[in-house]
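Data first, discussion second: the structure below is written as structure tokens.
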Amino acid sequence: MPELPEVETIVADLRPHLVGRTIERCELSFPTIVRHPEPEQFVDAVAGAGIESVRRRGKFILLGLAPPSAPSARSGRPPGGPKRSGEELPPHHEWGGAHPFLVVHLGMTGQLRLIDALTPLEKHTHAVFFLDDGRQLRYRDPRRFGRLLLGTEEALLSSKKMPVLGPEPIDPDFAADELYRRLRKRRSALKAVLLDQGAIAGVGNIYADESLYRARLRPSRIANTVSKRSARRLHESLRESLELAIANRGSSVDTFRDAWGEAGAQQEKLLVYGRAGEPCFTCGRPLSVIRIAGRTTVFCRRCQR
Ligand SMILES: [Zn+2]
393 MPELPEVETI VADLRPHLVG RTIERCELSF PTIVRHPEPE QFVDAVAGAG IESVRRRGKF
453 ILLGLAPPSA PSARSGRPPG GPKRSGEELP PHHEWGGAHP FLVVHLGMTG QLRLIDALTP
513 LEKHTHAVFF LDDGRQLRYR DPRRFGRLLL GTEEALLSSK KMPVLGPEPI DPDFAADELY
573 RRLRKRRSAL KAVLLDQGAI AGVGNIYADE SLYRARLRPS RIANTVSKRS ARRLHESLRE
633 SLELAIANRG SSVDTFRDAW GEAGAQQEKL LVYGRAGEPC FTCGRPLSVI RIAGRTTVFC
693 RRCQR
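The letter at position 41 of the sequence shown is residue 433 when you use our numbering, and the numbering goes up by one with no holes.
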């Protein structure tokens, strides 16, 4: 499943190519991949919309859209060019003045790729966004656990289409004390807290195991028993694991591909994830495997306490 580093890789790839472009139209071949609003409304609303921003929040990809009626969306001016002169039109009535986001969650096997229009459609391509430069943004998802959403941040949160997410672990403003404060409030296993998107955003099974190993903390350890010093170590380990993975363009342990269809390289460098029974890189003992929060969890009994 794509986690923070994998989603960050896609977002960073797409941003310079998408900002300033216009979505001319959208075709859905599996309409229920759209979870909000109704697929027909979704298709109507994105047609003609300009893309103003591309960012990541947790494991979500957010394309900030300009309403079709705004001059910046219609004129197709290049990014950085003159935008929004004094003739700005009133906002699109259906969007109530606030700009919406086209939200993509990749689920287990989702792939969001920017592709030349001549490239044949791959199987399991559920949505195609036709861009004004002739290219296509294609959403492909064999297992269909992913989803597409459209709405303002406020509307998606209040309708519970998007969860309330915890802080971004790689945000410079996210302090070790904040992590400690959050751990103190939880009586569940450390691993379960790391997987909880409301506690910390973007961490999944791979980077929870990796950062707990780096921090020498046992995944089953109850979160509120962790000392301030250990919380600091975990804070640092989380950043190290995530930033290293971003630098290596993500882990392709399964179907993850970047926006160009290429695999990442971090899977070659993982310390514990997927290595149950293999020797610990620190002490040489075989790594153990347990299940926590329904997820396979690999750790070293000697090195992690
Ligand atoms: Zn060990």
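In this text, a Cβ means the ideal position worked out from N, Cα and C, and glycines have one as well.
- In chain order, the residues with a C-beta atom nearer than 6 Å to some heavy atom of ligand 1 are C672, T674, C675, R677, C692, R694, C695.
- Taking Q696 as the centre and dropping the five residues before and after it, the same chain places the C-beta of L604, Y605, R608, L609, R610 closer than 7 Å to its C-beta, in chain order.
- Counted as a single uninterrupted DSSP element, the stretch harbouring S643 is not any alpha helix (DSSP H), since DSSP gives it neither H nor E.
- For R449, the closest C-alpha among the options A441, E430, L498 is that of L498.
- With respect to the 8 Å criterion, D524 and E398 are not classified as neighbours on the basis of their beta carbons.
- With contacts defined as CB atoms closer than 8 Å, G666 and G656 fail to qualify as a contacting pair.
- For the 8 Å CB-CB criterion, R649 and C675 do not form a contact.
- Straight-line spacing of the CA atoms in E628 and L679 works out to 22 Å.
- Going by DSSP, A547 is part of the alpha helix (DSSP H) stretching over 545–550.
- Rounded to whole angstroms, the separation of the alpha carbons of A639 and L504 is 19 Å.
- Going by DSSP, E514 is part of no alpha helix (DSSP H) at all; its letter is neither H nor E.
- Contact between the stretch 510–526 and the stretch 564–572 is absent, with fewer than three C-beta pairs closer than 8 Å.
- Taking all protein chains shown into account, T424 has fewer than 16 neighbouring C-beta atoms within 10 Å of its C-beta and is therefore exposed.
- Contact between E395 and V595 holds: CB atoms are separated by about 6 Å, below the 8 Å threshold.
- Around the Cβ of G558, a 10 Å sphere holds 16 or more other Cβ atoms; the residue is buried.
- Residue burial annotation: A651 is buried, with at least 16 other C-beta atoms found within 10 angstroms of its C-beta.
- Rounded to whole angstroms, the separation of the alpha carbons of F691 and E444 is 43 Å.
- Looking from the CA of G590, the closest CA among N597, R574, A600 belongs to R574.
- With a cutoff of 8 Å on beta-carbon distance, L548 and V426 are scored as not near each other.
- For the set R687, E400, R413, the Cα lying nearest the Cα of I598 is the one of R687.
- Remark: C-beta atoms of E545 and F493 approach each other more closely than 8 Å.
- Taken atom to atom, the span from the alpha-carbon of L454 to that of P671 is near 40 Å.
- Rounded to the nearest whole angstrom, the C-alpha separation of S580 and A615 is 6 Å.
- DSSP places F434 in the uninterrupted alpha helix (DSSP H) bounded by 431–438.
- Of the candidates T617, G653, A600, A600 places its Cα closest to the Cα of S633.
- Considering only S612, R578, H516, the residue with the shortest C-alpha distance to I682 is S612.
- In the displayed model, I507 falls within a strand according to three-state DSSP.
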